[in-house]
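The block underneath contains the structure these notes are about, expressed in structure tokens.
Protein chains: 2
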Amino acid sequence: MTTSEQIIDTATELLQKHGFNAFSYGDISKLIGIKTASIHYHYPSKYDLGKSVMKKYRLKHMAAINKIDAESDSPLKKLQSFAELFSHTMGKDYKMSPCSMLITDSSGLPDSIKVEVQDFYIDNETWLASTLKDGLDKEVFKFDASPTECAKTLFSAFEGAMLSARAFEDKSRLTKSLKQIIKLIQT
Amino acid sequence: MTTSEQIIDTATELLQKHGFNAFSYGDISKLIGIKTASIHYHYPSKYDLGKSVMKKYRLKHMAAINKIDAESDSPLKKLQSFAELFSHTMGKDYKMSPCSMLITDSSGLPDSIKVEVQDFYIDNETWLASTLKDGLDKEVFKFDASPTECAKTLFSAFEGAMLSARAFEDKSRLTKSLKQIIKLIQT
DNA sequence: TCTATTCTATCTATTAGAAGGTAGATAGAT
DNA sequence: ATCTATCTACCTTCTAATAGATAGAATAGA
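Residue numbers (my numbering), protein chains in the order written: chain U, 400 to 586; chain V, 400 to 586.
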């Protein structure tokens with residue numbers, strides 16, 4: 400693994416665990432054993448680093464979603480697999496999605512990062528909307544709003560469930576809510 | 400308004416807008432025109448301040464909930480009024496709930512703050528559970544899980560909707576999701 | 001091929017500022 | 001004489017970022 404990849408991966412974990420304003424180049428430096436100046440060589444500013452973290456995370460996440468599409472045709476099964484991604488993201492140490500972290504810390508963040516976060520939402524919502532529409536046509540899902548609107552609601556509800564699980568350090572809060580939300584739109 | 404109240408209110412706004420690690424005693428100092436040392440007199444450590452902010456916010460929020468109970472007997476109407484609280488919290492400058500902010504920034508926070516955040520969840524979930532049960536009995540709501548579980552899911556979904564609205568600086572993301580979630584459990 | 005140069009990736013050293021917090025003085029009220 | 005609330009002044013640590021040196025790899029020209 401290259402140094403810049405190591406930096407990204409370490410920064411990703413620190414972001415997910417502590418938030419953007421709660422980790423420093425110094426923290427990364429200690430963890431991977433290079434000086435902070437070397438990190439600045441790869442990512443001149445912390446915002447560059449944040450943007451790269453978000454971008455890599457988004458691409459990785461979309462790859463996981465593509466895998467779900469490849470493995471099943473059932474809308475319900477796909478939605479369940481999608482929900483499992485959230486549980487997997489959280490892991491055993493209650494990591495949040497990097498995008499949740501960046502949203503709460505976003506007040507002073509440059510647009511380049513905000514756009515990356517929005518792209519993450521849009522990518523997920525687009526996929527969800529098409530999966531929901533498929534389920535609607537096949538009559539395995541039922542809801543009043545449009546698939547697009549329902550996708551937005553579901554995705555944000557999933558993110559919210561992670562927040563709750565972290566607050567109590569109780570993963571069952573996440574898994575139970577994920578299941579229950581899915582059940583709410585099942586026929 | 401006393402100085403310590405001014406400090407709390409200013410800190411609350413900064414917390415909601417920027418997060419715990421993104422505001423300082425210096426910021427409060429400038430905003431209300433006293434020196435940082437004076438803030439330390441009222442709140443010795445930043446954690447004391449955070450705890451007090453969360454506590455006051457929780458009590459104020461519960462007062463709003465009690466008002467809802469006093470104004471209507473309809474479970475649906477009460478749930479709708481509850482949802483409006485989230486919209487009101489966010490305001491026009493996309494403030495988050497202080498508890499969402501503290502959860503994402505919580506990694507290094509002392510238990511005294513975490514407990515206050517959990518109490519906020521529990522208070523809300525308890526009220527929601529009883530309102531949901533009432534609606535279930537009156538057959539205006541319909542859901543498979545227990546009222547307690549459904550309350551947890553709804554509350555976290557509402558919090559997640561705020562996150563999404565902030566990410567896009569688009570309040571309709573919040574209001575639409577709130578309405579849609581309520582509709583999902585209506586008979 | 002040999003030499004000169006440029007590029008890559010790291011280091012040391014340093015800066016300017018901000019952070020949270022403390023000590024001690026002071027003025028006014030009780 | 002004590003308590004309350006504020007101040008000035010200071011401390012230590014951390015922060016993001018920059019400048020300049022260095023060693024080695026890659027590249028270009030004779």
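Glycine included, C-beta positions come from ideal geometry on N, C-alpha and C.
Only a predicted model underlies this, so the values are computations on that prediction, with no experimental measurement involved.
Between U/Thr-409 and V/Thr-503, is the Cβ-Cβ spacing less than 8 Å? no
Quick one: residues in its chain with C-beta nearer than 6 Å to the C-beta of V/Leu-475, no 5 flanking neighbours on either side, listed in chain order? Val-539
Give the residues from the stretch 479 to 505 of chain V that approach chain U closer than 8 Å (Cβ to any Cβ), ordered along the chain. Met-495, Cys-498, Ser-499, Met-500, Ile-502, Thr-503, Asp-504, Ser-505
What number of angstroms, rounded off, separates the C-alpha of U/Asn-420 from the C-alpha of V/Gly-507? Put simply, the backbone Cα of U/Asn-420 is about 12 Å away from that of V/Gly-507.
Spell out a yes or no on whether the stretch 536 to 552 of chain V and the stretch 447 to 458 of chain V are touching, meaning 3 or more CB-CB pairs, one atom from each, closer than 8 Å. No, they do not touch.
Counting only Cβ pairs nearer than 9 Å, list the residues of chain V close to U/Asn-420. His-417, Gly-418, Phe-419, Asn-420, Ala-421, Asp-504
Do we get a CB-CB distance below 8 Å when we pair V/Asp-533 with the residues of chain U? Answer no: the Cβ-Cβ gap between V/Asp-533 and chain U never drops below 8 Å.
Taking DSSP as the reference, what is the three-state secondary structure of V/Phe-557? helix
Interface flag, V/Val-516 vs chain U, CB-CB below 8 Å: yes
Contact criterion: CB-CB distance below 8 Å. Does U/Ile-580 meet it with respect to chain V? yes
Give a yes or no on whether 8 Å exceeds the smallest Cβ distance from V/Tyr-456 to chain U. no
Cutting at 7 Å between CB atoms, please list the residues of its own chain near U/Lys-537, excluding the five before and the five after it. Pro-474
State the beta-bridge partners of U/Gln-369 as determined by DSSP. Nothing can be reported for residue 369 of chain U, as the shown portion of chain U is limited to 400 through 586.
Shorter than 8 Å from the beta carbon of V/Gly-559 to some beta carbon of chain U? So, interface residue.
Start and end residues, alpha helix (DSSP H) containing U/Ser-486: 474 to 489
Spatial neighbours of U/Ser-403 within its chain, please: CB distance less than 7 Å, with the 5 preceding and 5 following residues excluded, ordered by chain position. Annotation for U/Ser-403: His-441 place their beta carbon closer than 7 Å to its own, counting only its chain and skipping 5 residues before and after.
U/Leu-527: buried (16+ other C-beta within 10 angstroms of its C-beta) or exposed? buried
Thinking C-alpha only, which one of V/Ala-436, V/Ile-438, V/Glu-558, V/Ile-427 is nearest V/Met-500? Looking at the Cα atoms, V/Glu-558 is the closest of the given residues.
Decide if the stretch 464 to 474 of chain V is in contact with the stretch 507 to 518 of chain V; the criterion is three or more beta carbon pairs, one per stretch, under 8 Å apart. no
Using a Cβ cut-off of 8 Å (strictly closer), state whether V/Leu-448 contacts chain U. no
With H, G and I counted as helix, E and B as strand and the rest as coil, what does DSSP make of U/Met-461? Per DSSP, reduced to three states, the secondary structure at U/Met-461 is helical.
Could you say which of U/Gln-405, U/Lys-570, U/Thr-547 lies nearest to U/Ile-438 if we only look at CA atoms? Answer by Cα proximity: U/Gln-405.
Is it right to say U/Leu-577 is buried, meaning 16 or more other beta carbons lie within 10 angstroms of its own, or is it exposed? buried
Contact belief for V/Glu-524 with U/Lys-575 at Cβ below 8 Å, rounded distance in angstroms: No, V/Glu-524 and U/Lys-575 are not in contact; Cβ-Cβ is about 13 Å, not under 8 Å.
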